[in-house]
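J.:
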Amino acid sequence: MRQDAEARFAEEAAADDAQKEDDIFKNLPDDEGKVRKTLIKAIRDGDRNTVVACFARLCPADIADMRKAMLFQDPKVGVSLSWHCKLTSEHARDLQAGLMGIAEASVMVPEGGAASAMSEDDMAWVLQLQGVTT
Numbered sequence: 000m001r002q003d004a005e006a007r008f009a010e011e012a013a014a015d016d017a018q019k020e021d022d023i024f025k026n027l028p029d030d031e032g033k034v035r036k037t038l039i040k041a042i043r044d045g046d047r048n049t050v051v052a053c054f055a056r057l058c059p060a061d062i063a064d065m066r067k068a069m070l071f072q073d074p075k076v077g078v079s080l081s082w083h084c085k086l087t088s089e090h091a092r093d094l095q096a097g098l099m100g101i102a103e104a105s106v107m108v109p110e111g112g113a114a115s116a117m118s119e120d121d122m123a124w125v126l127q128l129q130g131v132t133t
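Under numbering that gives the first Met the number 0, the first residue of the sequence shown is numbered 0, with each subsequent residue one higher.
(1) Give me the residue from Met107, Ala102 and Lys25 with the minimum Cα distance to leucine 80.
(2) Quick check for students: name the residue ranges of the alpha helix (DSSP H) that lie wholly in the segment 66-126, counting only runs of 4 or more.
(3) Using a Cβ-Cβ cut-off of 8 Å (strictly less than) and excluding sequence neighbours within five positions of aspartate 93, which residues of its own chain qualify?
(4) Between leucine 86 and isoleucine 23, how many whole angstroms is the CB-CB distance? I'm expecting something under 8 Å.
(5) Within the same chain, show all residues whose beta-carbon is closer than 7 Å to that of glycine 130, passing over the 5 residues directly before and after it, in chain order.
(6) Find the nearest neighbour of arginine 56 within the set Lys67, Val34 and Leu98, judged by alpha-carbon distance.
(7) Could you give the distance in angstroms between the alpha-carbon of aspartate 30 and the alpha-carbon of alanine 52?
(8) Which residues bound the alpha helix (DSSP H) around alanine 55?
(9) When we look at the beta-carbon of glycine 32 and count the other beta-carbons within 10 Å, is it buried (16 or more) or exposed?
(10) Could you give the DSSP three-state label for valine 131: helix, strand or coil?
(11) Going by alpha carbons, who is nearest to glutamate 119 out of His90, Val76, Ala17 and Ala104?
(12) Please name the residue in His83, Ala14 and Ser115 whose C-alpha comes closest to that of alanine 123.
(13) Whole-angstrom Cβ separation of serine 88 and proline 109, contact assumed at under 8 Å?
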């Protein structure tokens, strides 16, 4: 009985989030730079719905695919989305550790002076798995 109630609650919350993301997406500006600024602010503010909508606009990708990508909790996804949307490695780290809920020890950061924690080919492959064409 309790599991049924919890499942219904989770479904209702997901539907509410989906509606919020759709509304945010519809109201985003057409200017890519402005969307990127909105995305950066949303990452810092911990606003998952706005982050999902901004990624969907910038990639471009389906909102549902971006929602799943954020819930997947894979640091490679966070690095790849950040790279594709021209965010800094600091923003990628904040995204992984904050909104994606990835443990600090598993957060991917560039090492040895590299610009990114992954190769461009690897990031493009991860994005394709998430429904983003590069």
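For each residue, glycine too, the CB sits at the ideal point set by N, CA and C.
T.: In short, the structure shows the following:
(1) For the residues Met107, Ala102 and Lys25, the minimum Cα distance to leucine 80 belongs to Met107.
(2) Counting whole runs of 4 or more residues, the segment 66-126 contains the alpha helix (DSSP H) stretches 74-83 and 88-96.
(3) These residues qualify, in order along the chain: Ile42 and Arg43.
(4) Rounded, the Cβ-Cβ distance is 18 Å, inconsistent with contact.
(5) Non-local beta-carbon contacts of glycine 130 in its own chain, meaning distances under 7 Å to residues more than five positions away in sequence, involve Ala60, Asp61 and Asp64 in chain order.
(6) The shortest C-alpha to C-alpha distance from arginine 56 to any of Lys67, Val34 and Leu98 is the one to Val34.
(7) Here the alpha carbon of aspartate 30 sits roughly 14 Å from the alpha carbon of alanine 52.
(8) Counting along the chain, the alpha helix (DSSP H) containing alanine 55 begins and ends at 47-57.
(9) Exposed, by the Cβ-count rule.
(10) DSSP places valine 131 outside both helix and strand once states are collapsed to three, so it counts as coil.
(11) It is Val76.
(12) Selected option, being the one with the closest Cα: His83.
(13) Contact flag correct, Cβ pair sits at about 5 Å.
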